[in-house]
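Undergrad:
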Amino acid sequence: MPKILVIEDDVNVCQNILDLLDAEGFNAVFAANGRLGLQLAQTEIPDLIICDVMMPELDGHEVLKALRQNPKTATIPLIFLTAKSDKIDFRQGMELGADDYISKPYDRAELLAAIACRLEKQIAIHQQSQKKLDNLRNSITLSLPHEMRTPLNGILGLSQLLMEESENLDSQTVRDMAKDIYNSGERLFRLIKNFLLYAEIEIIATDPQQIKILQTQQTAFPTSEIINLITREAKKRRREADLKMDLHPCNIQISPTEIYKIIEELVDNALKFSQIGSIIQVTSQSIDNNFTLSFIDHGRGMTAEQITELGAYQQFDRKFYEQQGSGLGLIIAKRLAELHSGKLTIQSQPHEKTIVQVVLPCVGGCTSTSLSD
């Protein structure tokens with residue numbers, strides 16, 4: 006049965022609400038002031054809170070503000086119950102994240118209807134979250150074992166062959182096998198780093214203080230490391246002739262490490278899912294204090310449905326395509342952009358043209374000089 010916390014300093018009102026909730030089959034707990042109510046909310050984690058506004062210790066608005074700042078209690082529905090009917094007071098409560106506002110003296114039917122509505126909404130939200138979690142688990146189950154098994158099998162198989170047949174192999178074959186082992190190890194290492202990075206990003210996303218620290222950092226784009234990264238990735242795939250760069254200098258609100266990671270993943274994505282001989286464009290521009298970095302390729306592309314469903318650990322159409330990658334690179338780039346008050350967008354016409362754009366805030370003025378290949 007749902008657990009409801011009642012925070013009310015008026016003993017008679019509190020008892021009436023408790024009797025009503027008990028008669029309706031709810032598991033009700035109560036607190037006589039805001040401070041005790043906040044403590045109970047954090048230990049009991051109720052399904053819903055009914056809270057008076059005018060109380061000693063902490064008033065209802067202070068309780069709500071504290072609840073919304075704690076990840077454990079941030080999503081608990083809260084209904085304010087108050088004798089105040091001032092529109093400003095009502096507005097303040099709703100802006101802080103209240104779910105409903107009922108004036109005293111309350112109507113029993115109105116209160117029960119409000120409780121039923123909020124609990125039903127919470128159940129729907131929970132079901133939606135559970136569906137996303139199940140999809141994530143399925144994606145991990147399908148993607149992670151395959152992604153780790155493939156390079157690991159290469160490492161184990163080739164190293165075993167080297168041990169067993171070393172006396173019969175010529176030096177060139179040994180070098181080729183050693184190179185394959187190294188490439189498999191590098192792929193596995195990058196995969197593990199990306200999974201750990203994604204987990205770290207999601208933890209940071211729940212901490213406003215960490216986000217604030219992230220957003221104080223900046224980069225004078227483009228750095229020499231970034232230019233070298235783009236050209237090196239193209240060269241690794243023998244795509245130097247396909248690469249076209251047009252980069253405009255700008256101070257952007259992100260650290261060099263994180264913009265480097267975004268570019269690494271998006272360049273890799275553009276190269277991986279397009280054919281040799283097709284153009285890859287990497288361009289940037291600054292308009293109205295927004296810096297836009299674009300990656301354009303003419304490869305496989307994505308459908309509108311795939312773009313909408315873009316999520317972690319998801320690689321679309323794996324049964325038809327065998328490109329390496331867990332599909333995690335795009336979501337890492339997207340989440341990093343969002344943590345810096347930016348965004349990542351995708352426009353794609355399958356098998357024709359795909360444009361991935363990262364938009365980030367500029368810091369100060371940006372020049373118009375471009376650095377082209």
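When we follow this note's numbering, the leftmost residue of the sequence shown carries the number 6, and every step to the right adds one.
Glycine included, C-beta positions come from ideal geometry on N, C-alpha and C.
1) On the DSSP bridge assignment, give the partners of Tyr265 in chain order.
2) Check whether the Cβ atoms of Gln214 and Gln258 lie closer than 9 Å to each other.
3) When the Cα of Asn274 is compared with those of Ile235, Ile107, Gln74, Arg73, which residue comes out closest?
4) Taking the straight line between their C-alpha atoms, what separation do you get for Asp57 and Glu343?
5) Nearest to Phe226 by alpha carbon, out of Lys217, Gln165, Asp251?
6) Between the Cα of Glu337 and the Cα atoms of Ile81, Lys240, Asn199, Met6, which residue gives the shortest distance?
7) Going along the chain, which residues of its own chain have a beta-carbon closer than 8 Å to the beta-carbon of Lys209, five neighbours each way excluded?
8) For Ala46 and Lys136, I'd like the C-alpha separation in whole angstroms.
9) Please classify Pro366: does DSSP put it in a helix, a strand, or coil?
10) Look up Asn294 in the DSSP assignment and give the residues it is bridged to.
11) With distances taken between CB atoms, is the gap from Asn72 to Ile55 smaller than 9 Å?
12) Starting from Ser189, follow its DSSP beta bridges and name the residues at the other end.
13) Short check: CB of Ser291 to CB of Val361, under 9 Å?
14) Count the other C-beta atoms from every protein chain shown that fall within 10 angstroms of the C-beta of His356, then say buried if there are 16 or more, exposed otherwise.
15) Please check the pair Gly334 and Glu238, which I expect to be a contact at CB under 8 Å, by giving their CB distance rounded to whole angstroms.
16) Where do the ends of the beta strand (DSSP E) carrying Val34 lie?
17) So who's on the other strand from Leu167, going by DSSP bridges?
18) Are Ile107 and Thr87 touching if we call contact CB-CB under 9 Å?
19) Can you tell me whether DSSP reads Phe200 as helix, strand or coil?
20) Give me the Cβ distance between Cys367 and Phe296, rounded to the nearest whole Å; I'm assuming they're in contact under 8 Å.
21) Pairs of beta-carbons, one from the stretch 158-168 and one from the stretch 177-191, closer than 8 Å: are there three or more?
22) According to DSSP, which residues form a beta bridge with Ile54?
23) In three-state DSSP terms, what is Asn75?
24) Ignoring anything shorter than 3 residues, give me the beta strand (DSSP E) runs that lie fully in the stretch 207-293, in order along the chain.
25) Apart from the five residues just before and just after Val272, which ones in its own chain have a Cβ nearer than 6 Å to its Cβ?
26) Going by DSSP, what residues sit across from Val361 in a beta bridge?
27) Please report the Cβ distance between Ile9 and Phe31, rounded to the nearest whole angstrom; I am assuming they are in contact, meaning their Cβ atoms lie under 8 Å.
28) Could you check which residue in Lys126, Glu172, Asn173 has the C-alpha nearest to that of Asp82?
29) What span of residues does the beta strand (DSSP E) with Asp112 cover, start to end?
30) Report, in whole angstroms, the separation of the C-beta atoms of Ser283 and Gly304, which I expect to be a contact under 8 Å.
31) From Ile60 to Asn38, what does the alpha carbon distance come to, in whole angstroms?
32) Helix, strand or coil: how does DSSP classify Asp105 here?
33) By the DSSP assignment, the alpha helix (DSSP H) with Arg40 in it spans what residues?
34) Give me, in chain order, the residues of the same chain whose beta-carbon lies closer than 6 Å to that of Leu248; leave out the 5 immediate sequence neighbours on both sides.
35) Would you kindly work out how many angstroms separate the C-alpha atoms of Arg242 and Asn173, rounded to a whole number?
TA: Well, looking at it:
1) According to DSSP, which records beta bridges pairwise, Tyr265 is partnered with nothing at all.
2) no
3) Ile235
4) 36 Å
5) Asp251
6) Position check: residue 337 holds Ile in this sequence, whereas Glu was assumed. With distances taken between Cα atoms, Ile337 lies closest to Asn199.
7) Note that residue 209 corresponds to Ile in the displayed sequence, not to Lys. If we look at Ile209 and ignore the five residues flanking it on each side, its Cβ neighbours are Gln215, Ile216, Leu219, Leu344.
8) 26 Å
9) strand
10) Asn294 is not bridged to any residue.
11) In the sequence as displayed, the identity of residue 72 is Leu instead of Asn. Their beta carbons are not under 9 Å apart, which means Leu72 does not touch Ile55 by this criterion.
12) Note: Ser189 sits in no beta bridge, so no partner.
13) no
14) exposed
15) No, Gly334 and Glu238 are not in contact; Cβ-Cβ is about 12 Å, not under 8 Å.
16) 32-36
17) DSSP, once it has assigned bridges, lists no residue as partnering Leu167.
18) yes
19) helix
20) 5 Å
21) yes
22) Leu10, Leu83
23) coil
24) 224-226, 248-252, 255-257, 285-292
25) Ile235, Glu238
26) Phe300, Ile351
27) 5 Å
28) Residue identity differs from the one stated: residue 82 is Pro in this sequence, not Asp. Ranking the options by Cα distance to Pro82, first place goes to Lys126.
29) Segment: none, Asp112 is in no beta strand (DSSP E) and carries neither H nor E.
30) 7 Å
31) According to the sequence shown, residue 60 is Met rather than Ile. Each residue's Cα considered, the two are about 6 Å apart.
32) strand
33) 39-49
34) Ala239, Ile285
35) 32 Å
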